[in-house]
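Numbering (the numbering used here), first residue to last: 34 to 907. Glycine included, C-beta positions come from ideal geometry on N, C-alpha and C. Here is the structure we will look at.
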């Protein structure tokens, strides 16, 4: 607040009350500055005081008691115990740090819940933790060995994931991730469990506070994967971590009755993950029970600052990338590091690597660039063996990583591995091969996506949670370690180079602002000085998150910074629900409001100013929605309507009008036609004709691109033969040869060719350029000609969406392009659908949103005839 009268007691008064103590009148005058750290027993007796008389007394070493009264001697406030800790003078003179961007993950007790615990739970698989006996007779457990055997009316299905103590930690972690991925994919795709929750229980996968053993590295990454799965499938998953205390196991049913989707049970108490701002005071001293931190701004303590040995070698993975270069310069200029080993996959072959070495040399450091796959243990061992003994390895900064985004529902083990290797495997190799080298610094670059659980990044979240857990594992073993979960950087890197405007807008809506390089290195130093094992360094726009809280769910970990509110649109200030407000109103009003709602939320997801730019009859894919933005749209609709829409709802109802029609049926129990503008097709000459032709389209050699041009070609008797076209990518100067026996040559230089065969507008049909290159020309020409046919018939293509319109295609000769095993990397994974005749009809039906039969017929020369016959019979 900026109005002094709005405070119950103004902070300036309390600050002034401590001046005597700070000047050495109460605390020892040993030349050190002491600042408030933690307080307990605070009491407010009265408000509105503008002047205070304060009594400050010592009650222990560096601990004060405060009593404040007004001018008349009446009590105003008191603090029973205020701990004061020495500050680091060097830190006081360091550059300003925006400590709003420096966060730590805490596990405070969950608010008490009044909900009734479940009396019946289902368990899938074995019970290694003893949940069933611990809950006693209060819960009737139903046991199942297969997901398919569980009835659809189950509410909570519990599955325990036990740690794996095999020595190959990456292998153990993968086994757990593969199993969880398979289970979650089956769970979210099974409509029987649309209203049920899968409760995944781990043991010691997370650390909730100091004094706990290090996390179980084999199951810790599950929390990253499943956090993302939760974001993609709200209300379908619950994450629970337990200790060995029987009270914790017995508390599971009551904890499930609360609204937390992620929690840990410790000593029988429910704790929830919350990001909180860090204090810059010495973190080596934790508040005792009952104390709270006195987090003031602008202080710094000695913490557990790693030693950057100026004579030793610091290894930086991803060292030739954007972040690697940034922190190589920073370690040299700020921390005096003089020997760097910069590692990347391409090594010296990376563009700009030589310039970087020269730049660092000019700054007084010797840098070596090496090519190494740090996920390869043998390669890492060989790399470390080459470090000169006169400059031994003393520090590691692991900044390597890759992205391969995709929804958990469509993720494969291969998709997991691609992202795990440079993070999980590489970090473990670096840890395992250097644990006995006496390092002074071991810093891992993690990501806030693992903490929040960003939709579409389950593999990346899993990999980064492993890094956080590894840092905790090392610290509990007495080894130096820190893992920093970075937010979104303003400078593009190889990791983020493929992010489009929609991706950046999505992150902005989630509250992530770009972090500048200067902000990043300053936060890096501050986090190291604080001595945190793990820290989140991210530019969070809490105002943006707060603004979204009224109509979108706030991620669990942000609820300590932003209070989650009930969705204002789903439930109004008067308590009425959206269903209540729509009930009894004219159908036209209901349709209009729901369509406006869908258009408005779609515009928000796409980053548009308002819903006016969202056309009701245009497919979401054409509007720019991809799988990730479709997830966001579904989440927003769920929050606003109170419904639990299926994961595929946006694809099953692919236009705003179709989706609005679904909402009406779900909210009011009424069916409604999709409200879209449709053109009237020309009526047939005879109303009783069962089969009529209302439109035509065609492409033929000789420049024919319409029926009229075809008739003109036939009427004139013109020859459509032409020379070899130059838009096919052929080397015409070397292709023709009169010798018919020469391989790779053509002994004819004329033929029948379609004009403009390469002029395909992939974006118009919602197809990526990469996929278009892998598509058979038949598929491309079919899409174009089908659109032309509808236009010729006077039918607005969007009007057919959701209709029982069939597609019958005659197609043959799918020999275009290379065999699938010889395809290029650019076409990897796309040649199968691009060259398969069976996909031809389905691709057209999907693009137009048709729900009738989609059939491709290949009966050689009679294909078109048979397809036409089947269409007529349908």
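Take residue i as the anchor and find which of the options has the nearest alpha-carbon.
i           : options               : result
residue 725 : 904, 135 and 196      : 904
residue 445 : 543, 105, 213 and 428 : 213
residue 674 : 372, 692, 743 and 684 : 692
residue 74  : 836, 204, 115 and 232 : 115
residue 184 : 486, 206, 156 and 162 : 156
residue 467 : 480, 438, 520 and 413 : 413
residue 610 : 700, 644 and 592      : 700
residue 666 : 621, 576 and 543      : 543
residue 888 : 894, 870, 882 and 880 : 870
residue 672 : 267, 896, 362 and 661 : 267
residue 579 : 550, 541 and 272      : 541
residue 551 : 523, 575 and 885      : 523
residue 240 : 231, 802, 256 and 226 : 256
residue 477 : 486, 501, 103 and 488 : 501
residue 94  : 100, 42, 60 and 765   : 60
residue 902 : 723, 525, 863 and 417 : 723
residue 169 : 829, 739 and 281      : 281
If we ignore side chains and look at the alpha-carbon of each, how far apart do residue i and residue j end up?
i           : j           : result
residue 133 : residue 573 : 8 Å
residue 796 : residue 656 : 11 Å
residue 76  : residue 46  : 15 Å
residue 457 : residue 496 : 6 Å
residue 347 : residue 384 : 22 Å
residue 91  : residue 110 : 17 Å
residue 217 : residue 259 : 8 Å
residue 191 : residue 233 : 6 Å
residue 228 : residue 220 : 11 Å
residue 782 : residue 733 : 19 Å
residue 292 : residue 553 : 35 Å
residue 79  : residue 49  : 18 Å
residue 784 : residue 760 : 14 Å
residue 569 : residue 429 : 19 Å
residue 633 : residue 509 : 50 Å
residue 333 : residue 117 : Only weak support exists for where residue 333 lies, its pLDDT of 30 falling under 50; the coordinates are left without a value.
residue 547 : residue 638 : 19 Å
residue 420 : residue 395 : 22 Å
residue 143 : residue 294 : 11 Å
Here's the rule I'm using: 16 or more other beta-carbon atoms within 10 Å means buried, otherwise exposed. How should residue i be labelled?
i           : result
residue 747 : exposed
residue 483 : buried
residue 68  : buried
residue 490 : buried
residue 263 : buried
residue 21  : Because the chain spans 34 through 907 in this model, residue 21 falls outside it and cannot be assessed.
residue 494 : buried
residue 565 : buried
residue 556 : buried
residue 506 : buried
residue 166 : exposed
residue 470 : exposed
residue 768 : exposed
residue 906 : exposed
residue 519 : buried
residue 423 : exposed
Please look up how many angstroms separate the CB atoms of residue i and residue j, rounded, as I've assumed it's under 8 Å.
i           : j           : result
residue 559 : residue 130 : 4 Å
residue 182 : residue 197 : Actually they are not in contact, since the Cβ atoms of residue 182 and residue 197 sit about 26 Å apart, beyond 8 Å.
residue 403 : residue 374 : 6 Å
residue 306 : residue 140 : 6 Å
residue 278 : residue 297 : About 11 Å; that fails the 8 Å criterion.
residue 492 : residue 453 : 7 Å
residue 237 : residue 254 : Between residue 254 and residue 237 the Cβ distance is about 14 Å, and since that is not below 8 Å, they are no contact.
Residue i bridges to which residues according to DSSP?
i           : result
residue 446 : Beta-bridge pairing links residue 446 to no other residue.
residue 519 : 480 and 570
residue 140 : Looking at the DSSP assignment, residue 140 forms no beta bridge with any residue, so it has no partner.
residue 377 : 404
residue 426 : 346
residue 110 : 77 and 101
residue 174 : 154
residue 548 : 522
residue 431 : 350 and 477
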